[in-house]
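Q: Numbering of the sequence shown is given in this note's numbering, commencing with residue 102 and proceeding in unit increments. Quick one: the structure is below, and I'll ask about it shortly.
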Amino acid sequence: MFVNQLGFPLLSLLIGTPLVGAVLIGLTASSARSLQRTIAWIFSSINAILAVYALTALQPVGGYQFVESVDWLASIGLKYAVGLDGINVWMVVLATLLTPLALYAARNESTHQKSFHALILVLSSALIGAFVATDLLLFYVFFELTLVPTALLIATHGTGDAKAAALKFFVYPFVGSVFMLASIAGLVVTHFQQTGLMTFDSVIISGAVLNGTLVMDELLERLLFAGFFLAFAVKTPLWPFHTWMPQAQVATPSNGSVDIAGILLKIGAYGMLRFALPFFPNAAVWAAPAIGILAVISILYSAVIAFGQHDMKSLLSYATISHLGFVMLGIFSQTIEGITGALITMINSGLTTGALFLIVGILAAQRGSRNREDFSGVWLTAPTFGTLTLITVFASIGVPGLNGFVGEFLSMQGAWLAPQLGYGYVSFAVIGIILSAAYLLRMYRGVFMGAAPEEHAIHEPKTSEIAVLSLLVIAMIVIGLYPSIITSVSNASVSELVRSLTASSR
């Protein structure tokens, strides 16, 4: 039975619409590339419209809305259950908006083949399913499903040693998620033993933790928490579980990188926030100092390694890891400020990193290289492109007035206020911000400043590419000046989460 104030299954439509598009693409002739592009863009755009509608219809209160729940295997408590609140709605909006923008910007690239479009749509469906699932096993299924289209996308449409990168991308997160599956089984069995109810419903289980009907001993809670943490740390990726990510990003087509860096990597951090913390609040407090150290190492290590990268996609991959270090700091502060900052940083990272990967794709398409040393003076021949890139770089390094500043500031404020973290963590994180500004500005100076070469000069991108970059830049400016656009929707859900964490931890 559906329990939904809208009267129709909006979230199922969000999951199903891209799949319908993928099936239609599969029915087209391989030579019908224009038709395949059109189908992919239309269905991804329909999904974006549905997501924006969900955002505008969502009430600024705690708890899930637009809930859909259908028994699947009632005898063991399995069901199809999805819901939306002030936290995951932003992940859904990000996932649905970036995909059509990336497809539109790169609609004339030769990589746009039948399987490419179908895989992008299947990936979009799996991502949305993972973000809205409230049943643990359903979440696990979607969490794993994201691996398949992404690995195939890298292997069949990537560059360089694409097959090795695809294999590494698949194996690392898959092995990590096996630990989560074991923890899910342990958690469900423990809940059944103590309450007599067999269920995979995350709302019921977290409620049992909150009201004290589900009590785990210290060792069991920490072991189960470790299973969830390993899966999400690999997916995020958090140092030292990050080694699969740079190789995968470098091999992926530019518009595929937008989905991976902009959306896919957020599932790990989202899982920490949605499941690991509410299920195991005491273990999360216990582990926070160590996880905070890993987050700080991610920030600093990635910044240092980025300095030595000549391939701009590789450099941006490490920049992404650094951003996600701030997200982890904010989440494990377990404060309203920190979690709000983590959420905003996830959104901002999707926008800025997605834009930067598009920019590198544009440069590589014209020059045939991603090596930053092969470019010079782009501003002179493409001033509009140079201006949009500069604003994006400023947003990425956290210049006040742009979106990056708000999220990083709140994440660090939350970490400072958290008794399990404190100012020491923040001090090292600030060094990471300085380093990120240095390597991104150095990249920009080398590529866009100086004399323009007579041969291989970079020209203004296509109108479609400028339009997409302009929309992303406008979003960066609007969020930077009016972050309440996000917080007005998320505040109630974040506050409810923090209250439950405080009440559950003993």
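Even glycine gets a Cβ: it sits at the ideal position worked out from N, Cα and C.
When DSSP builds the beta bridges, which residues end up paired with Y181?
A: Position 80 of the sequence shown, counted from the start, is the residue given in the question as residue 181. The partner list for Y181 (beta bridge, DSSP) reads V171.
Q: Taking three-plus beta-carbon pairs below 8 Å as touching, is the segment 397 to 407 in contact with the segment 434 to 442?
A: no
Q: State buried or exposed for R138, treating a residue as buried only when at least 16 other CB atoms are found within 10 Å of its CB.
A: Translated into positions along the sequence shown, residue 138 becomes position 37. It counts as buried.
Q: Using the Cβ count rule (16 or more neighbours within 10 Å means buried), how would you classify E566?
A: In the sequence shown, residue 566 corresponds to position 465, counting from 1. Buried, by the Cβ-count rule.
Q: Do you know how far the Cα of A370 is from the Cα of G277?
A: By one-based count along the sequence shown, residue 277 stands at place 176. By one-based count along the sequence shown, residue 370 stands at place 269. About 14 Å.
Q: So is V574 buried or exposed if we call it buried at 16+ other beta carbons inside 10 Å?
A: Numbered from its first residue, the sequence shown carries residue 574 at position 473. Per the 10 Å Cβ criterion, buried.
Q: Just mark M550 as buried or exposed, buried being the case when its beta carbon has 16 or more other beta carbons within 10 Å.
A: If you number the sequence shown from 1, residue 550 lands on position 449. Result: exposed.
Q: Using 10 angstroms around the beta-carbon of M102, count the other beta-carbons present and answer buried if the total reaches 16, otherwise exposed.
A: For the purposes of this step, residue 102 is taken as residue 1 along the sequence shown, with counting starting at 1. Residue placement at M102 is flagged as unreliable, the pLDDT there being 34, under the threshold of 50; a coordinate-derived value is accordingly withheld.
Q: Alpha carbons only, please: which of P562, P584, I392 is nearest the one belonging to Q521?
A: Within the sequence shown, the letter at position 420 stands for residue 521. Among P562, P584, I392, the Cα nearest to that of Q521 is on I392.
Q: Is D236 helix, strand or coil when you go by DSSP?
A: By one-based count along the sequence shown, residue 236 stands at place 135. DSSP places D236 in strand when its eight states are reduced to three.
Q: Which residues share a DSSP beta bridge with Q467?
A: Position 366 of the sequence shown, counted from the first residue, corresponds to residue 467. Looking at the DSSP assignment, Q467 forms no beta bridge with any residue, so it has no partner.
Q: Could you round the C-beta distance between L511 and G439 to whole angstroms and report it? I think they count as a contact, below 8 Å.
A: Indexing the sequence shown from 1 puts residue 511 at position 410. Indexing the sequence shown from 1 puts residue 439 at position 338. Right, the Cβ-Cβ distance comes to about 7 Å (below 8 Å), so this counts as a contact.
Q: So what's Q295 in DSSP terms, helix, strand or just coil?
A: Mapped onto the sequence shown, residue 295 falls at position 194. Note: Q295 maps to helix in three-state DSSP.
Q: By a C-beta neighbour count over all protein chains shown, 10 Å radius and 16 as the cutoff for buried, is G230 buried or exposed?
A: Taking the first residue of the sequence shown as 1, we reach residue 230 at position 129. Burial call: buried.
Q: May I have the straight-line CA-CA distance separating L615 from T488, to the nearest angstrom?
A: The displayed coordinates of the chain run from 102 to 607. Any statement about residue 615 would go beyond what the structure contains.
Q: Under DSSP, the alpha helix (DSSP H) around I406 begins and ends at which residues?
A: Indexing the sequence shown from 1 puts residue 406 at position 305. Run containing I406: 382 to 408, per the alpha helix (DSSP H) assignment.
Q: Any idea if Y241 is buried or exposed, counting beta-carbon neighbours within 10 angstroms, 16 or more meaning buried?
A: For the purposes of this step, residue 241 is taken as residue 140 along the sequence shown, with counting starting at 1. So Y241 counts as buried.
Q: With C-beta atoms as the reference, is G508 less than 7 Å away from T446?
A: Residue numbering aside, residue 508 sits at position 407 when the sequence shown is read from its first letter. Residue numbering aside, residue 446 sits at position 345 when the sequence shown is read from its first letter. In contact: G508 and T446 (Cβ atoms closer than 7 Å).
Q: Cα separation between H424 and G297?
A: Position 323 of the sequence shown, counted from the first residue, corresponds to residue 424. Position 196 of the sequence shown, counted from the first residue, corresponds to residue 297. Whole-angstrom Cα-Cα distance: 43 Å.
Q: Quick check on the DSSP output: what are the complete alpha helix (DSSP H) runs of length 4 or more inside the segment 548 to 602, in order along the chain?
A: 564 to 582
Q: Count the other C-beta atoms from every protein chain shown that fall within 10 angstroms of the C-beta of R546, then say buried if there are 16 or more, exposed otherwise.
A: Taking the first residue of the sequence shown as 1, we reach residue 546 at position 445. So R546 ends up on the exposed side.
Q: Under 8 Å, with one C-beta from each stretch per pair, do the segment 375 to 388 and the segment 318 to 336 reach the 3-pair mark?
A: yes
Q: Between D475, F301, Y273, V531, which has its C-alpha nearest H341's C-alpha?
A: Counting from 1 along the sequence shown, the entry for residue 341 is found at position 240. The residue asked about is misnamed: residue 341 is Pro in this sequence, not His. Per the Cα distances, Y273.
Q: Have a look at L457, V461, V428 and flag the residue whose alpha-carbon is nearest the alpha-carbon of I51.
A: Nothing can be reported for residue 51, as the shown portion of the chain is limited to 102 through 607.
Q: Just to check my reading of the structure: S145 and P201 have Cβ atoms closer than 8 Å, yes? What is that Cβ distance to the nearest angstrom?
A: For the purposes of this step, residue 145 is taken as residue 44 along the sequence shown, with counting starting at 1. For the purposes of this step, residue 201 is taken as residue 100 along the sequence shown, with counting starting at 1. The Cβ separation is near 4 Å, so the contact holds.
Q: With 16 other CB atoms within 10 Å as the buried threshold, where does P610 fall?
A: This structure gives no information on residue 610, because the portion of the chain shown stretches from 102 to 607.
Q: Considering only the beta carbon of each residue, do H258 and I126 sit closer than 7 Å?
A: Locating residue 258 in the sequence shown gives position 157, where the first residue counts as 1. Locating residue 126 in the sequence shown gives position 25, where the first residue counts as 1. Against a cut-off of 7 Å, the Cβ pair of I126 and H258 comes out as no contact.
Q: Which word fits N312, buried or exposed, when buried means at least 16 other C-beta atoms lie within 10 angstroms of its C-beta?
A: In the sequence shown, counting from the first residue as 1, residue 312 sits at position 211. It is exposed - the Cβ of N312 has fewer than 16 other Cβ atoms within 10 Å.
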